[in-house]
Amino acid sequence: MNSDKMNDKKDLRIEKLPLSARSFNWLYRAGVRTVGDILNFKSMAEMMSVPKLGRVSCNDIVCVIADLGFEEWAEKMWEDNPWVWKIEFERMNLNEIGNS
0 MNSDKMNDKK
10 DLRIEKLPLS
20 ARSFNWLYRA
30 GVRTVGDILN
40 FKSMAEMMSV
50 PKLGRVSCND
60 IVCVIADLGF
70 EEWAEKMWED
80 NPWVWKIEFE
90 RMNLNEIGNS
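Numbering follows numbering that gives the first Met the number 0, in which position 97 of the sequence shown is assigned residue number 96; successive positions increment by one, without gaps.
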């Protein structure tokens, strides 16, 4: 993706993102207003250092940002946080159990 499109996406307001209400409210209360503001977080630990944000909400935010084309940022956020992948794995297993 070219840099102009990426810069446009950085200016995208969080109201336009498909976030859960909990994730949106946390971001808003933390003063985050744009995708660019989210991209300023350097790690999941930094995100979670702000009160009231849990692992599921962190994962929600990172997944939405990755879907916008910022996969490199998302990979960096996930690389030291294997619990994120565990959440997805546990959800898959629960779905399989519910369908049997």
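For glycine and all other residues, C-beta sits at the position ideal for the given N, C-alpha and C. Owing to the predicted nature of the structure, the values given are computational and were not obtained by experimental measurement.
Annotation: the continuous alpha helix (DSSP H) that includes S2 extends over S2 to K9. Under the 8 Å Cβ criterion, the region 6-15 does not count as touching the region 39-51, having fewer than three qualifying pairs. Residue range E70 to W77 is occupied by the alpha helix (DSSP H) that includes E71. The C-alpha of R21 lies about 31 Å from the C-alpha of S2. For V49, there is no enclosing alpha helix (DSSP H), as DSSP marks it with neither H nor E.
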